[in-house]
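Trainee: Pasting in a structure now, in structure tokens, and then I'll have a few things to ask.
Residue numbers (this note's numbering): 61 to 923.
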């Protein structure tokens, strides 16, 4: 299929003569005014109420007759004290001036200088307001103001959207005051209007609106600690009310949008806006929509789509010579233009490459904005939205419908639209292509860094990532390699990759976390209070609370007789601190207690203390309650006899018995330690196997989770289709009832398919008669040939019309039988309508009687 891209309007060169300084050097805002039919009255009223020293420049773009010189400059000069001039090429703008576009010209702006071009489009397809407003948005950004007045069509709607996306101000005339409300209504439907009011009201408010909404945004402010706190609370309020965390976005972007709302409401600070936001839930919705404003169009950045069509898709076809399905994900799809562009590009690539196998592409298109997703699902676009498409593409992939164009079924069925937050919701996986254009530029660098592994995980080996023209992969060069060419195409590398690098939801520590830490964090466990509670209830003697590995967590009572710090580096492990007499027995008892179902008791241990030998009973028990102490171990020491320090010379026999006991214990300990080492090795091996199995289960779980997400999106898509079908069915039923014409719908076997309320006056029909032959239904008409005529219409596909009288002769009806046709032009039954013509027949009879009487009254002709 030929690309057939229509030539675009030229843009002024960056170094054009007379271009002047950059936008930062121009301190005054520039106001673009778009008007069409009926716009002269609105312009006149606006300028009459506008102060002559507003400090702004005004550029009027109106739909003018290309063959007439026009008198708009002279007419507008009567309404204002500002100087009104006709725009010329390379004219540098000055404040407190009004500039008017000349006839048969397109106008652009660069660095505060106007440039004129011959129109690129034929009459009827020109959109000069959109063209200028888009250039104004790029040139002035936050310093741009767009106003839409009365006019027919939708020119200017895309332009004000571009102005709003760059942080400018959008004002629209109230449709009630406009002579022709099509242009204002189209701009309002874009959802970007900051103020909707009559021209006089806009003129009286524009200076204040511009100063408050734009003045502070031209320079990045330095936030105080108080403002930073208010800013974080606004993000928290947005998250609580909408479920989306905008603190993960670039702070400067979010701040500019908040500043705009502050200016619109005439508030003085972030704190004041925070109070306004908390007290007005509707404002949360407005701010949310403000943050979601996105600009998209069909085949934006044509070079990227050319590379997809001529290089990426052919490479994917070559990697699967037998054919098969391909999968793609368009993240942040907005109103669907890029998702449909991808589908069209795939079809064009198929037509161009003509591979041997059979290939299909399943596209998942997601966005955060439910309204944008709903619009994308409908697949209907205005004439202005498809204005940049070539005639070949327009005719190939769209069909005209009403005032716009609807995407064709073969393209629409390739895409599943769904609401999704790429930051919090599970990603789509096993993808061959992932397009995420112009989203990363709004996200914080740390979040961008965490998204790259997620995209890498979502793509198949050799898959491709498509980013916006101002975006890059950052430090993820180990995950992606750039595709040769100028577009932002990247190929997935087979890098060493671990699932934990692609966890979701994505989260980075932010200001809001530290702000809420003191109020929202989970209270820390008070080990002392919990341990004291257990000791008082069950033990009371000196004791220690240790972890499962023997590390001391809490000490109760005087434990110096049983434990002492070991020499060298501080070591708070109970085994290292145990005194002589406990060192051999305590580890064995500890191991028995851990994992056991009861306490382990050691009786009559002789512990060497600083004052002599102490006989001690030791109880070791793993705790099961309370929950906070579960898994920890309590060691309790109980003295059973007085100190034996007075025994200055112990008997040799006792000493020999003690030495023998020590040897036995050492041998037992050595055997236990060997068994323990073997057990540890076995446990380590089991842990490694369990870890591998857990990783496999985790991967499977993520795949199932993504599959479930896809099924949910498909279900949502089907539900939307069902709702649309139900609405259409209701509309059709109400239309039939409103006509009050008796109508019967019969299938090919002349069975009743549907009937209107009026039909029940002629036929004895009830809802249960649907599906019954019409010949079985009793009627009041003297029409025995109804079935025969209906069959004849089915055979010939030609209509049949007759006039019939009711059986009682009281009424007359005109009967018309037409074939029931489907969109495929096939006949699927007949439609029989009955129109009451009794009044006409009565008038006809009355008229005939009058004529007959007049003939009788005439004198007989002479012989």
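C-beta: ideal position from N, C-alpha, C; glycine also. As the structure is a prediction and not an experimental result, all values here were calculated from the model.
1) Alpha carbon to alpha carbon, how far is residue 358 from residue 530?
2) Is residue 89 closer than 9 angstroms to residue 205 when the C-beta atoms are compared?
3) Just the C-alpha distance for residue 135 and residue 146, rounded to the nearest angstrom, thanks.
4) Are there 16 or more other CB atoms within 10 angstroms of the CB of residue 789, so buried, or fewer, so exposed?
5) Determine the contact status of residue 538 and residue 477, defining contact as a CB-CB distance below 9 angstroms.
6) Using a Cβ-Cβ cut-off of 6 angstroms (strictly less than) and excluding sequence neighbours within five positions of residue 218, which residues of its own chain qualify?
7) Whole angstroms is fine: what's the gap from residue 876's alpha carbon to residue 241's?
8) Cβ of residue 534 less than 9 angstroms from any chain C Cβ?
9) What residues in its chain sit with their C-beta under 6 angstroms from that of residue 830, if we drop five residues either side in the sequence?
10) With DSSP as the reference, label residue 365 as helix, strand or coil.
11) Locate the alpha helix (DSSP H) running through residue 223, then write down its first and last residues.
12) Is the beta carbon of residue 95 sitting closer than 9 angstroms to the one on residue 119?
13) I need the straight-line Cα distance from residue 370 to residue 430, nearest angstrom please.
14) To the nearest angstrom, how far is the alpha carbon of residue 319 from that of residue 418?
15) Taking the straight line between their C-alpha atoms, what separation do you get for residue 389 and residue 683?
16) Would you list the residues sitting across from residue 389 in a DSSP beta bridge?
17) Taking Cβ positions, are residue 548 and residue 532 nearer each other than 9 angstroms?
18) Report the rounded CA-to-CA distance for residue 871 versus residue 233, giving the unit in angstroms.
19) Quick one: grab the DSSP three-state call for residue 652.
20) Between 327, 314, 838 and 785, which has its C-alpha nearest residue 349's C-alpha?
21) Put residue 442 into one of helix, strand or coil per three-state DSSP.
22) Would the beta-carbon of residue 806 fall within 9 angstroms of that of residue 890?
23) Note down, in chain order, each residue of its chain lying with its Cβ closer than 6 angstroms to the Cβ of residue 814, except the 5 sequence neighbours on either side.
24) May I have the straight-line CA-CA distance separating residue 309 from residue 288, to the nearest angstrom?
25) Measuring alpha carbon to alpha carbon, tell me which of 820, 482, 642 and 797 ends up nearest residue 669.
26) Determine, using beta carbons only, whether residue 494 and residue 543 come nearer to each other than 9 angstroms.
27) Taking only the alpha-carbon atoms, compute the straight-line gap between residue 681 and residue 728 and give it to the nearest angstrom.
28) Return yes when the C-beta of residue 615 is under 8 angstroms from any heavy atom of the ligand SAM, and no when it is not.
29) Touching or not, the region 616 to 628 and the region 651 to 662, by the rule of three or more beta carbon pairs under 8 angstroms?
30) What is the C-beta distance between residue 317 and residue 351, in whole angstroms, given that I count them as a contact (C-beta under 8 angstroms)?
31) Which residues in the same chain as residue 397 place their Cβ atom closer than 6 angstroms to its Cβ, once the five residues preceding and following it in sequence are excluded?
32) So, is residue 252 buried or exposed, given that buried needs 16 or more other C-beta atoms within 10 angstroms?
33) Cβ atoms of residue 699 and residue 738: under 9 angstroms apart, would you say?
34) Tell me, which residues are paired with residue 694 by DSSP?
35) Whole angstroms is fine: what's the gap from residue 687's alpha carbon to residue 304's?
36) In terms of residue numbering, what span does the beta strand (DSSP E) encompassing residue 887 cover?
Mentor: For this structure:
1) Going from the Cα of residue 358 to the Cα of residue 530 covers about 18 angstroms.
2) Contact: yes.
3) Taking the straight line joining both Cα atoms gives about 12 angstroms.
4) Answer is exposed; the Cβ neighbour count stays below 16.
5) No, the pair does not count as a contact, with Cβ atoms beyond the cut-off.
6) Same-chain partners within the cutoff: 190 and 444.
7) Looking at the two C-alpha atoms, the distance is approximately 41 angstroms.
8) Chain labels in this structure do not include chain C; a single protein chain is all it has.
9) If the five residues before and after residue 830 are omitted, its C-beta is found closer than 6 angstroms to the C-beta atoms of 812, all from its own chain and listed in chain order.
10) In the structure shown, the three-state DSSP call for residue 365 is helix.
11) Per DSSP, the unbroken alpha helix (DSSP H) holding residue 223 starts and ends at 217 to 225.
12) In this structure, residue 119 does not lie closer than 9 angstroms to residue 95 by Cβ.
13) Cα-Cα distance, rounded: 34 angstroms.
14) Roughly 53 angstroms separates the two Cα atoms.
15) Answer to the nearest angstrom: the Cα atoms are 51 angstroms apart.
16) Paired residues: 424 and 494.
17) Cβ atoms of residue 548 and residue 532: closer than 9 angstroms.
18) Looking at the two C-alpha atoms, the distance is approximately 56 angstroms.
19) Correct three-state label for residue 652: helix.
20) Per the C-alpha coordinates, the member of 327, 314, 838 and 785 positioned closest to residue 349 is 314.
21) For residue 442, the secondary structure class from DSSP, reduced to helix, strand or coil, is strand.
22) Taking the C-beta atoms as reference points, residue 890 is found nearer than 9 angstroms to residue 806.
23) Apart from the 5 residues on each side of it in sequence, residue 814 sits with its Cβ closer than 6 angstroms to the Cβ of 805 in its chain, given in chain order.
24) Inter-residue distance for residue 309 and residue 288 is about 15 angstroms (C-alpha atoms, whole angstroms).
25) Comparing Cα positions, the closest option is 642.
26) The answer is no: Cβ separation not under 9 angstroms.
27) One C-alpha to the other measures close to 22 angstroms.
28) By its list of ligands, the structure shown contains no ligand whatsoever, and the ligand SAM lies outside what it can speak to.
29) No, because fewer than three Cβ pairs between the region 616 to 628 and the region 651 to 662 fall closer than 8 angstroms, the two stretches do not touch.
30) That belief holds up - the Cβ atoms of residue 317 and residue 351 are roughly 5 angstroms apart, short of 8 angstroms.
31) Hits under 6 angstroms: 356, 357 and 358.
32) Here residue 252 is buried: its Cβ has 16 or more other Cβ atoms, across all protein chains shown, within 10 Å.
33) In terms of Cβ geometry, residue 738 and residue 699 do not form a close pair [threshold 9 angstroms].
34) Residue 694 pairs with 605 and 681.
35) Near 34 angstroms, if we compare the C-alpha coordinates of residue 304 and residue 687.
36) The continuous beta strand (DSSP E) containing residue 887 extends over residues 887 to 896.
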